[in-house]
Amino acid sequence: MRHGAGGRGRRLAGAVAAVLLLTAGLVLSGCGGDDDEVLTIYAGRSQNLVQPLLEQFSEDTGVRIRVKYGDGTDLALGILEEGEHSPADVYYTQDIGALGALKAAGRLQELPSATLNQVSPAFRSPDALWVGISGRARVVVYNTDDLDPATLPSSILDYTDSEWRGQVGIVPRSDGFPEFVTALRLTRGEEFARTWLRALKVNEPKTYPNNLAAIQAVANGEVQVAFLNHYYLYRFLEEQGDGFKARNYYFSGGDLGGLFVVSGAAVLDTAQNRTAAERFIDYLLTPSAQEYFAEQTFEYPLVTGVSTDTGLPPISEMEPPELDLSDLNDLQGSLDLMRETGILP
Amino acid sequence: MAVMARARGHARRLPWATAVLATAVTALVLLPPVYLVGRAVSAGSGIEEALTDSSAVQALGRTLLLTASVTGTCVALAVPLAWITARTDVPLARVWTVLLMLPLAIPSFVGGFVMISAFGPGGMAQDLLEPLGVERLPSIYGFSGAWLVLSLLSYPYVYLQASAALGRMDGTIEEASRSLGKGGWTTFVHVHLPQLRPAVAAGALLTALYVLSEFGAVSMLRYDTLTPLIYIEYTTGFDRTTAAVLGLPLIALAALLVTVDGVTRGAARYHTRSGAGRQRRVPLGRWRWPAFALCAVVALLGAGVPVGVILYWLVRGLQSGADSGFVVEALLNSARAAGLAAVVAALGALPIALLSVRHRGWFSGLLEKLSYTGQALPAITIALALVFFTANYATRFYQTLGVLVVAYAVRFLPEALGATRAALLQVNPNGEEAARSLGAGPVRTFLRVTAPQMAPGVSAGMLLVFLSAVKELPITLLLSPIGFETLATDIWSSTSEAFFTRAALPSLILLALSGLAVLLLLRRERLS
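Protein chains in written order, with the numbering used here: chain A, 3 to 347; chain B, 684 to 1211.
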């Protein structure tokens, strides 16, 4: 009877075998050799924003690159899980807190002082473990239908006033807000920060999961203002035109609301290719790369002497509050305080 | 003449090869929960502190409420829809079948944002209604919004399984019912519903597990269940231990749900002695157009609104000169990775399903239940667990397509398992026994007798896995080969930086790809 099997059953068996072989082949085909000439970058920054710059680096220097784009936090958590088998050479992120977490786990190695010295001490790690690349200012985004910027409070601390009840949008989980809380604790003390956050909470702020939802809510009039980073607005203006009903209010005079936050890069302790990694970080600090940030991503260059003409108010004019940014690394105390006061669930 | 049989498990000896395979697959699927428990244990006395914290307790309450209400809504919505589109003469039945499946392919981070753009304060719905004097819409934030959006995104789990079960039901039982003078409704309640029970239970279980693990939409809609709380631990404090501790209740809830599911679907098997008889579509009469309206409303809300909002982004952006930035490679990568994942998950589910249906006992039951326990965990937890194991113990394979496919299969195995199991329950073992008694070996019997009858159910499971894998994000971002762009990673990277125009085209292509997969399944069924 066996010879009668044929047909459907045999074809099905063949298909199953083919799929198994194909899968095995795919698994094995992934086993390339360890190529020392290739630089592996974990980039916790938008691919749309930085890919052209990274490709330019490869073209200019001849260093081949492999870039893993993703959420900065996810990638840092990934590096922590990978442990000593991490394929990453460089970690580049807009979240200094993530660099702090890698530092705390002993995963970063020191950068040469020639690299570090290009950037003001305020924008780099005091233990030489990471360097700031580009910067962003904290702002208040306001609805242009309902508000006149001339009448907005000149200090962020005044937004606990009852006239703003239910009208303030915050993104407590984003990069930026926890840093702001840390700055508040450092400059005014723990008790002041606690009282102010409680007052903010009593004023019923609306919380958003990310900056985009918050800025859209301001434009829709769902809230009148939101505490955000400056550059999101420019992306919306580019896509939606000048009719977009939200604008930035930049603080001046050293007000905490105008805190300056940076993106940063570091070399991992497991880096296979340290020389190329350092070369990459140096490249990000060259004048052409710094101008790229100003012109293409609407960020602030950090290297002294790079001039920009982008319509952004210059840092010097904004007079950001004087703070050691590296103090912002450890955010745990701020998160605890945000939970205690109910700003975070 | 067909007879509905309620047979008990067959006291055959456990087939060793199948048992070994099933155990190996289960062990693989258990990696994430094992990793999580390991991490949580390292918290020591911190476990109690983290779990009794008032915000954790509140989040648990919200999780339970949302899971129960969304699952209930999905069953109530999907079962009638499945019956209408699979077994009645409703106009445009096939069109509805495709459209009603689409919401499953919408990534929840897109779904949440789309729904807020459409129904939120100052959103499109309000703009449309303002001339009619509607000043304020009911708030989309909080429980009601989360309930509505998650129900719309996840009812297809139940819908697909129920449709597949109705499709392979024996038409002769139905004819018997009708020849006894029973009407359409009585036939539905007494003939269809009992046979649907395993499929609906499997779909409801998947819905509930999905709600437990959901992050994108609930955080957008400001309803803080346990999963967003876990994300906060990861993203703001990098506290993997506390995150793991908060995952423990999710594992417990998954175990509870699987047990409840086991009780709900009962001990019954539904199969016929002859092959499936011909089915015919029930004439709805004057109910034809109300049924049409129900399909249209659900399809409009679940698929029409997202497509409309995304099209609006695309047109608006292109008008102001933004770049649509579509990458063909992303489409090919998505189709390839998700397609392979569907095949691997179906193959992995097979031995577990075979054991649990054909060789009932404590061992097969345990394997089946265990394979669900990781499913309630947030995607980032599963991704990190798999990063840990592959980077450290399979270093050579880390960040290869093969590992990505296996990771998808591990993540979505229960989707294939539920469908495979439900299909197997409708296959009469007498046919297999007849083949064996005629001298066919177990493999040949399976391929010649069992597999062809199971095919529609298995395909439905593969479709579920495909639709889920194609939109999956954290696993894709962390485990894919470097430089491996997919539609989901393109969409994510664009929306996370406000490039809506760039997100629009890949989103529409993702939906088109998913629609195509549904069409292929339908075509297959018609041919067989």
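Idealized CB from N, CA, C, for every residue including glycine. No experiment lies behind these values; they were computed from the predicted model shown.
With DSSP run on the structure shown, which of helix, strand or coil describes K203 (chain A)?
K203 (chain A) falls in the helix class under three-state DSSP.
Closer than 7 Å, CB to CB, is V703 (chain B) near chain A or not?
no
Beta-bridge pairing of S265 (chain A) - partner residues as DSSP gives them:
A:S136
Residue ranges of each alpha helix (DSSP H) within the stretch 1080 to 1112 of chain B, 4 or longer:
Scanning the stretch 1080 to 1112 of chain B for uninterrupted alpha helix (DSSP H) segments of 4 residues or longer gives 1084 to 1108, listed from N- to C-terminal end.
Do I67 (chain A) and I43 (chain A) count as a contact pair if the criterion is CB distance below 7 Å?
yes
CB-CB length for H232 (chain A) against V141 (chain A), believed under 8 Å
H232 (chain A) to V141 (chain A), Cβ: 5 Å. Contact.
So what does R66 (chain A) bridge to, in DSSP terms?
Its beta-bridge partners are A:V40.
Do you know how far the Cα of P881 (chain B) is from the Cα of R923 (chain B)?
37 Å
Might you give, ordered along the chain, the residues of its own chain that have their beta carbon closer than 8 Å to the beta carbon of V170 (chain A), omitting 5 neighbours on each side?
Y161, L202, N205, P207, K208, V225, Q226, V227, A228, F229
Could you check what DSSP says for Y144 (chain A) in three-state terms: helix, strand or coil?
strand
Using the three-state DSSP reduction, which class does T1169 (chain B) fall into: helix, strand or coil?
coil
Alpha carbon to alpha carbon, how far is G795 (chain B) from E39 (chain A)?
43 Å
Expected contact under 8 Å - CB spacing of W996 (chain B) and A1187 (chain B) to nearest Å:
4 Å
Confirm, please, whether the CB-CB distance from A1099 (chain B) to A1032 (chain B) is below 7 Å.
yes
Look at the alpha carbon of L1096 (chain B) and the alpha carbon of L188 (chain A), and state the distance between them as a whole number of angstroms.
49 Å
What are the boundary residues of the alpha helix (DSSP H) that N213 (chain A) is part of?
213 to 221
For L230 (chain A): DSSP bridge partner residues
A:V141
Environment of S254 (chain A) [buried if 16+ CB atoms lie within 10 Å]:
exposed
Quick check on this structure: which residue in B:L1037, B:T1064, B:G1144 has the alpha carbon closest to the alpha carbon of L1130 (chain B)?
B:L1037
Given 8 Å, three or more beta-carbon pairs between the stretch 911 to 929 of chain B and the stretch 734 to 744 of chain B:
yes
The alpha helix (DSSP H) spanning T95 (chain A) covers which residue range?
Careful: T95 (chain A) lies outside any alpha helix (DSSP H), inside the beta strand (DSSP E) at 92 to 95.
Taking any Cβ of chain B, which residues in the stretch 164 to 183 of chain A have a Cβ under 7 Å from it, in chain order?
Result list: R175, P180.
How about T343 (chain A): is its C-beta nearer than 7 Å to some C-beta of chain B?
no
Per DSSP, which one or two residues make a beta bridge with V965 (chain B)?
Beta-bridge pairing links V965 (chain B) to B:T771.
Member of A:H87, A:D177, A:S88 whose CA lies at the smallest distance from the CA of G74 (chain A)
Here the closest residue by C-alpha is A:D177.
Could you please give me the residues that DSSP links to K208 (chain A) through a beta bridge?
A:G171
Distance check for S136 (chain A) and P790 (chain B), CA to CA, integer angstroms please.
31 Å
Alpha carbon to alpha carbon, how far is L314 (chain A) from L235 (chain A)?
12 Å
C-alpha gap between D37 (chain A) and A90 (chain A), whole angstroms:
Low confidence applies here, because D37 (chain A) scores a pLDDT of 46, under 50, leaving its location unreliable; read the following figure in that light. Cα-Cα distance, rounded: 13 Å.
I need the boundaries of the alpha helix (DSSP H) containing Y893 (chain B), first residue and last residue.
Note, Y893 (chain B): alpha helix (DSSP H), 876 to 896.
Straight-line gap, G721 (chain B) to G168 (chain A) (C-alpha atoms, nearest Å)
43 Å
Alpha carbon to alpha carbon, how far is P347 (chain A) from R175 (chain A)?
11 Å
Measure the C-alpha to C-alpha separation of L1147 (chain B) and G866 (chain B) and round it to an integer number of angstroms.
33 Å
Candidates B:L1205, B:L1170, B:P1164, B:A1200, of which the one nearest K70 (chain A) by Cα
B:P1164
What's the C-alpha gap between F921 (chain B) and P763 (chain B)?
Going by the C-alpha atoms only, they are around 45 Å apart.
Should Y840 (chain B) be labelled buried (16 or more other beta-carbon atoms within 10 Å of its own) or exposed?
buried
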